[in-house]
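Inspection log for the structure reproduced underneath, given as structure tokens.
Residue numbers (the working numbering), protein chains in the order written: chain X, 45 to 529; chain C, -10 to 162.
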């Protein structure tokens, strides 16, 4: 490496380094302004959006990217390259060749996750292509690293065809411990996820689906408890039928909700088996089609207004508000209703209007309202746990267990209508969720490494603490420079 | 798609298991069948824009089906669950002027509501239609499908039918 351009090198030094460490929790609980809400734009906690945009452009140019690679091993002298590289490395390669599973022990594969996107549905920006998606995927990789200690990197690909995308993702398997699919348009994302989950031996996760569904489920568990309801008895309306809500509906059913008591509403109305476009759905969106056949046991027809009559809970992921739902419609729900408004930056209706309509618990994707349904509460921890046991997959059962753990953490601190979910600064929740996920992987037989829950908890805690300490050390030492004004 | 009647081997699925009956349509069924006809035509449109459905398809379907009920040269069967019609088959007898086999039972439309698919309902209707057409004198049974309807192609080929004739289309300039 040249030392002739120190300024440039300083700016671009890499962040992620792994290892064992321990630090004070409070030092880690930085007021990160990361608000990864469901399939949505990043929302400022404070300050005008223009200022955040200005800083994002300035900082991105200054740092030349958000994550990079860094050594995990000491280089005491150039002689060490005889161990890390040739000729010593040949012994490691031959061992791995003889038993490819050893790639999870002898290389960084076990903790490496690619954030793969085709850039076809980015954050609310739409189809901006792979290059356009790169800053977003880098941001995701940074969250993985900082909150989960995961060595994640951005990997947008110039692929439009579904089969090709599946083929490329599968080809990456030997290098990775897992894949995070991101911002892929619906319904392509369903087929890609389902196929890769079935055909790969590493966890494949689509956060827009599973992350949002998992956190929504966690919030719903507590909201139901708070309002004296049981999941299987509750009448749940899902407004919007994009990736998030279709995945949420599927996960709710897996978790015990009665599909016959669920109603899914899209722009054409309530899904039911005889809707006019049902044949079209059977050909173009089999996931929505399956919900149309499975849900709405009473064959309710009409639109949101009709669906909400007598409903206990509403989960809206329908589009930017604030006038997509009226408080008069909320008033038609059962008393003490539950309303989740997931659109960002502006929810489908303002929370105050939902409360005025009679809602008891209101959650949104925003950090400036109570009860933020935030994917970042889940995905770093889920992958942390899955990677620590070298899991082959992340099942719905593991996601449901993670949601229960998340809900339990909030419950331990006291449930109120304004506190049904933890917040991101409660960093201690991440290792707990990771341990639950890893433990479930072991119980279900999906783990390559059979660890006890306590062992997973300690490993996860070490990994997450180490990531935070690394950031702290790199900043304090000036390796990571403070940003320009 | 064609199938010679002497090769018929499939058996009829016991309908009582799914509480579905297949029977001849009556004049009182026309409106319900017409709805299914429109659904079928819209489904065809999913496979090819040359099957764009006209605005007054429902009215046309009512006339079309009304003309079939009771016709000695046509067959109209419905599958019912309780009082509800969940599928239908329409066929007509045609003479093959230059060919043997000479008499053709031509299935022009067949449709089952999506929620009842994959439960052998289509097979039930087809098999009953098959035997009814044979009784009417059919020596060969054929069925029409949009070329790009792979699911439909699979349905027929799985039951012993094979491609018989291709229809080519070209829009005049």
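Quick reminder that beta carbons are idealized off the backbone N, C-alpha and C, glycines included.
Problem set entry | At least 3 beta-carbon pairs within less than 8 Å: the segment 503 to 513 of chain X vs the segment 184 to 193 of chain X | Flag = yes, the segment 503 to 513 of chain X and the segment 184 to 193 of chain X touch.
Problem set entry | Secondary structure of residue 195/X, DSSP reduced to three states | By 1-based counting over the first chain, the position of residue 195/X is 151. In the structure shown, residue 195/X sits in a strand (DSSP, three-state: E or B).
For this session: Just grab the DSSP bridge partners of residue 161/X for me.
Result: Residue numbering aside, residue 161/X sits at position 117 when the first chain is read from its first letter. Per DSSP, 200/X.
For this session: Could you round the C-beta distance between residue 438/X and residue 247/X to whole angstroms and report it? I think they count as a contact, below 8 Å.
Result: By 1-based counting over the first chain, the position of residue 438/X is 394. By 1-based counting over the first chain, the position of residue 247/X is 203. About 4 Å separates the two Cβ atoms, so the contact holds.
Exercise. Cβ atoms of residue 307/X and residue 314/X: under 8 Å apart, would you say?
Worked result: Taking the first chain and counting its residues from 1, one reaches residue 314/X at position 270. Taking the first chain and counting its residues from 1, one reaches residue 307/X at position 263. In terms of Cβ geometry, residue 314/X and residue 307/X form a close pair [threshold 8 Å].
Problem set entry | Closest Cα partner of residue 157/C within the set 148/C, 64/C, 145/C, 135/C | Position 168 of the second chain, counted from the start, is the residue given in the question as residue 157/C. Closest by alpha carbon: 135/C.
Exercise. Which bits of chain X does residue 104/C rub up against, with CB to CB less than 7 Å?
Worked result: In the second chain, residue 104/C corresponds to position 115, counting from 1. Here the neighbours are 317, 337.
Exercise. How many angstroms separate the CA atom of residue 349/X from the CA atom of residue 277/X?
Worked result: For the purposes of this step, residue 349/X is identified with residue 305 of the first chain, where counting begins at 1. For the purposes of this step, residue 277/X is identified with residue 233 of the first chain, where counting begins at 1. Between the C-alpha atoms of residue 349/X and residue 277/X there is a straight-line separation of about 21 Å.
For this session: State the Cα-Cα distance for the pair residue 486/X and residue 430/X, rounded to the nearest angstrom.
Result: As a working note, residue 486/X is residue 442 in the first chain. As a working note, residue 430/X is residue 386 in the first chain. Taking the straight line from one Cα to the other gives about 9 Å.
Exercise. From 177/X, 148/X, 144/X, 146/X, pick the residue whose C-alpha is nearest to that of residue 160/X; which is it?
Worked result: Counted from its first residue, the first chain places residue 160/X at position 116. Taking only the C-alpha atoms, the option nearest residue 160/X is 177/X.
Problem set entry | Continuous alpha helix (DSSP H) assignments of at least 4 residues falling wholly in the segment 382 to 456 of chain X | Here the runs fully enclosed are 395 to 400, 423 to 432, 440 to 456.
Exercise. For the ligand MG, is there a heavy atom less than 7 Å away from the beta-carbon of residue 365/X?
Worked result: Ligands in the displayed structure: none, and consequently the ligand MG is not present.
Problem set entry | Rounded separation between residue 144/X and residue 413/X - CA only | Start at 1 with the first residue of the first chain, and residue 144/X comes out as number 100. Start at 1 with the first residue of the first chain, and residue 413/X comes out as number 369. About 48 Å.
Problem set entry | CB contact check: residue 323/X to chain C, cutoff 8 Å | Here residue 323/X is taken as the residue at index 279 of the first chain, counted from 1. Interface with chain C (8 Å Cβ-Cβ cutoff): residue 323/X is included.
Exercise. Quick one: is residue 522/X buried, meaning 16 or more other Cβ sit within 10 Å of its Cβ, or exposed?
Worked result: Taking the first residue of the first chain as position 1, residue 522/X is located at position 478. With fewer than 16 other Cβ atoms within 10 Å, it is exposed.
Problem set entry | Contacting residues, own chain, Cβ-Cβ under 8 Å from residue 201/X (five flanking each side not counted) | By one-based count along the first chain, residue 201/X stands at place 157. Closer than 8 Å at Cβ, skipping near neighbours: 160, 161, 162, 174, 209, 212.
Problem set entry | Span separating the alpha-carbon of residue 35/C from that of residue 492/X | As a position in the second chain, residue 35/C is number 46, starting the count at 1. As a position in the first chain, residue 492/X is number 448, starting the count at 1. Taking the straight line from one Cα to the other gives about 46 Å.
Problem set entry | Alpha-carbon to alpha-carbon, residue 422/X and residue 25/C | Against the second chain, residue 25/C aligns to sequence position 36. Against the first chain, residue 422/X aligns to sequence position 378. Separation of residue 25/C and residue 422/X (C-alpha to C-alpha, rounded to the nearest whole angstrom) is 46 Å.
Exercise. Looking at C-alpha atoms only, which residue of 150/X, 221/X, 98/X is the closest neighbour of residue 433/X?
Worked result: Here residue 433/X corresponds to residue number 389 of the first chain, with the count starting at 1. The shortest CA-to-CA distance from residue 433/X to any of 150/X, 221/X, 98/X is the one to 221/X.
Exercise. By Cβ distance below 6 Å, which residues in the same chain neighbour residue 309/X in space, the five residues on each side in sequence not counted?
Worked result: For this step, residue 309/X is matched to residue 265 along the first chain. Answer for residue 309/X: 283, 348, 351, listed in chain order.
Exercise. At which residues does the alpha helix (DSSP H) containing residue 70/C begin and terminate?
Worked result: Taking the second chain and counting its residues from 1, the one referred to as residue 70/C is at position 81. Note, residue 70/C: premise wrong, no alpha helix (DSSP H); beta strand (DSSP E) at 63 to 70.
For this session: Determine whether the Cβ of residue 295/X lies closer than 8 Å to any Cβ atom of chain C.
Result: Walking along the first chain from the start, residue 295/X turns up at place 251. With a threshold of 8 Å between beta carbons, residue 295/X makes no contact with chain C.
Exercise. Residue 89/C to residue 241/X, Cα distance in whole Å?
Worked result: Residue mapping note: residue 89/C aligns to position 100 of the second chain, counting from 1. Residue mapping note: residue 241/X aligns to position 197 of the first chain, counting from 1. Distance between the alpha carbons of residue 89/C and residue 241/X is about 53 Å.
For this session: Within the same chain, show all residues whose beta-carbon is closer than 8 Å to that of residue 40/C, passing over the 5 residues directly before and after it, in chain order.
Result: By one-based count along the second chain, residue 40/C stands at place 51. Within its own chain, the residues whose Cβ lies closer than 8 Å to the Cβ of residue 40/C, once the five positions on either side in sequence are excluded, are 30, 33, 34, 135, listed in chain order.
For this session: Rounded to whole angstroms, what's the CA-CA distance from residue 529/X to residue 400/X? Just pull it up for me.
Result: Position 485 of the first chain, counting from 1, holds the residue named residue 529/X. Position 356 of the first chain, counting from 1, holds the residue named residue 400/X. Looking at the two C-alpha atoms, the distance is approximately 42 Å.
For this session: For residue 35/C, return the contacting residues in chain X, with the cut-off set at a CB-CB distance below 7 Å.
Result: Here residue 35/C is taken as the residue at index 46 of the second chain, counted from 1. Residues of chain X with a Cβ closer than 7 Å to the Cβ of residue 35/C are, in chain order, 323, 324, 327.
Exercise. Where residue 128/C and residue 83/C are concerned, what is the direct C-alpha to C-alpha distance, given to the nearest angstrom?
Worked result: By one-based count along the second chain, residue 128/C stands at place 139. By one-based count along the second chain, residue 83/C stands at place 94. Across the structure, residue 128/C and residue 83/C are spaced so that their CA atoms are roughly 11 Å apart.
For this session: Could you say if the segment 352 to 359 of chain X and the segment 49 to 61 of chain C meet the contact criterion of at least three C-beta pairs nearer than 8 Å?
Result: The segment 352 to 359 of chain X vs the segment 49 to 61 of chain C: no contact.
Exercise. Considering only C-alpha positions, which residue in the set 364/X, 263/X, 238/X, 274/X is nearest to residue 466/X?
Worked result: Mapped onto the first chain, residue 466/X falls at position 422. Check the Cα spacing between residue 466/X and each of 364/X, 263/X, 238/X, 274/X: the tightest is with 263/X.
Problem set entry | Beta-bridge partners of residue 367/X, as assigned by DSSP | As a position in the first chain, residue 367/X is number 323, starting the count at 1. According to DSSP, residue 367/X shares a beta bridge with 393/X.
Problem set entry | Residue closest to residue 335/X, alpha-carbon to alpha-carbon, out of 297/X, 360/X, 359/X | Numbered from its first residue, the first chain carries residue 335/X at position 291. Of 297/X, 360/X, 359/X, the residue nearest in Cα terms is 297/X.
Problem set entry | Beta-carbon separation (whole angstroms), residue 320/X vs residue 362/X, contact threshold 8 Å | Locating residue 320/X in the first chain gives position 276, counting from the first residue. Locating residue 362/X in the first chain gives position 318, counting from the first residue. That belief does not hold up - the Cβ atoms of residue 320/X and residue 362/X are roughly 20 Å apart, past 8 Å.
For this session: From the DSSP output, in three-state form, read off residue 358/X for me.
Result: For this step, residue 358/X is matched to residue 314 along the first chain. Here residue 358/X sits in strand by DSSP.
For this session: Consult DSSP for residue 284/X and reduce its assignment to one of helix, strand or coil.
Result: Here the question's residue 284/X lines up with position 240 in the first chain. The answer is coil: DSSP assigns residue 284/X none of H, G, I, E or B.
Problem set entry | N- and C-terminal bounds of the beta strand (DSSP E) containing residue 83/C | Residue numbering aside, residue 83/C sits at position 94 when the second chain is read from its first letter. Start and end: 73 to 84.
Exercise. What residues match up with residue -9/C in a beta bridge as DSSP calls it?
Worked result: Taking the first residue of the second chain as position 1, residue -9/C is located at position 2. In the DSSP output, where bridge partners are listed per residue, residue -9/C has 131/C, 151/C.
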